[in-house]
Amino acid sequence: MADSAKWYVVHTYSGYENTVSASILKAAENRRMEDLILEVRIPVETVTERTDKGDKTYERKIFPGYVLVKMILTDESWHLVRNARGSTGFVSMDGKPVPLTEAEVLELGMERREIVVPFSVGDTVKVTDGPLEGFLGTIEELDPDKDRVRVVVSMFGRETPVDLELDQIEAVSED
């Protein structure tokens, strides 16, 4: 059932983000709707200001006036969120709440996706695409989050690092 849960954006009165968040969570608990309202977040960033009196660190809301709610949208859950104290409603189109896309959720850092790569630093790989197709090389750096890999190939007797995408290489079987 949690597979159908999506992130929705709720608009709030200015300065009421914490109130709306607490109100939604409390109402979900009281009405035993924790299976529908899974998570409530207020995106914040940590800011450090340098002053003559020293550094001052505080959290600042990234989207003032908005709260993000991961929920399964039903009439009951919509009603609970819509009527939370300080809430002015969902960000919607034609009156229907619009969920965030997976790309938007990942960009906001709301959820992390683990990327499993069949390679590791030091592995020998073959370049399968691009101008260096057919060359063998050794993985020097691996960045699965950005879909990038740095492979050192031998060209004209010199070791040359090349940045590639993960789908441009394949593992070489060591038979």
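The sequence shown begins at -8 in the numbering used here and counts up by one. Glycine included, each C-beta is placed from N, C-alpha and C at the ideal position.
Could you pull the start and end residues of the beta strand (DSSP E) that Leu155 belongs to? By 1-based counting over the sequence shown, the position of residue 155 is 164. Where Leu155 is concerned, the enclosing beta strand (DSSP E) stretches over 149 to 156.
| said: Using 8 Å as the threshold, is the C-beta distance between Ile53 and Leu27 below it? | reply: Residue 53 sits at position 62 when you count from the first residue of the sequence shown. Residue 27 sits at position 36 when you count from the first residue of the sequence shown. Cβ atoms of Ile53 and Leu27: not closer than 8 Å.
**Study point:** One or two residues paired with Ser115 in a DSSP bridge
**Key:** Counting from 1 along the sequence shown, the entry for residue 115 is found at position 124. This sequence places Thr at residue 115; Ser is not what is there. Paired residue(s): Thr129.
(request) Compare the beta carbon distance of Val82 and Val89 with 8 Å and say whether it is the shorter of the two. (result) Numbered from its first residue, the sequence shown carries residue 82 at position 91. Numbered from its first residue, the sequence shown carries residue 89 at position 98. Taking 8 Å as the Cβ cut-off, Val82 and Val89 qualify as a contacting pair.
Since Pro152 contacts Glu131 with CB under 8 Å, what's their CB separation in whole angstroms? The residue you call residue 152 lines up with position 161 of the sequence shown. The residue you call residue 131 lines up with position 140 of the sequence shown. Indeed, because the Cβ distance is near 6 Å, the residues count as touching under 8 Å.
Item to complete: Could you spell out the range, first to last residue, of the beta strand (DSSP E) harbouring Ala18?
Response: Taking the sequence shown and counting its residues from 1, the one referred to as residue 18 is at position 27. Run containing Ala18: none in the beta strand (DSSP E); it sits in the alpha helix (DSSP H), 8 to 21.
Measure how close the beta-carbons of Asp154 and Arg141 come, nearest whole angstrom, since I'm counting them as under 8 Å. The count along the sequence shown starts at 1 and reaches residue 154 at position 163. The count along the sequence shown starts at 1 and reaches residue 141 at position 150. 5 Å between Cβ atoms; contact.
- Message: I need the DSSP call for Met(-8), collapsed to helix, strand or coil.
- Response: Position 1 of the sequence shown, counted from the start, is the residue given in the question as residue -8. Low local confidence applies: a pLDDT of 41 at Met(-8) is under 50, so the model's placement there is unreliable, and no value is given.
Would Ala162 be called buried (16 or more neighbouring beta carbons within 10 Å of its own) or exposed?
To locate residue 162, count along the sequence shown from 1; it is residue 171. Result: exposed.
Relative to the alpha-carbon of Val116, which residue among His2, Glu156, Thr65 has its alpha-carbon at the smallest distance? Stepping through the sequence shown from its first residue, residue 116 is reached at position 125. The option with the nearest alpha carbon to Val116 is Glu156.
In angstroms, rounded to a whole number, what distance separates the CA positions of Val143 and Thr129?
-> Here residue 143 refers to the residue found at position 152 of the sequence shown. Here residue 129 refers to the residue found at position 138 of the sequence shown. The straight-line gap from Cα to Cα measures roughly 5 Å.
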